[in-house]
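Numbering (our numbering), first residue to last: 196 to 327.
Each residue gets a CB set at the ideal place from its N, CA and C atoms; glycine is no exception.
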């Protein structure tokens, strides 16, 4: 049901806590593109609702509209990656988490929030395994 566009803007307003004006503004800014009926009324999917909630979250974190566009684009590229890439990442994380490196454990594959931690842990692991 995530991809089926069934919600009118009033329902989306209730589900997200955003005003109709805000929802339309985000559409104007290119942050989402709801489906339209033959009568040209907007119809939102569950995916659109989730995207609006993500936009709301990013605004609270201090992102501006351009920053939100970039972040959402980055996130959608990550979700469209090849399954093999994700499998390889999981294998790396499993190896790193097997013996906990420096009492730290990576708990997410989310690329942005853990990239620095992953890089640091990998660097430490390479140093440990490289004979001097």
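In the DSSP annotation of this structure, the continuous segment of the alpha helix (DSSP H) that includes residue 243 starts and ends at 241 to 255.
In terms of Cβ geometry, residue 229 and residue 238 form a close pair [threshold 9 angstroms].
Residue 270 and residue 231 have their C-alpha atoms roughly 25 angstroms apart.
Residue 230 is bridged by DSSP to 238. For the options 314, 268, 315 and 251, the alpha carbon positioned closest to that of residue 210 is the one of 251.
With a 10 Å radius around the Cβ and a threshold of 16 neighbouring Cβ atoms, residue 220 comes out exposed.
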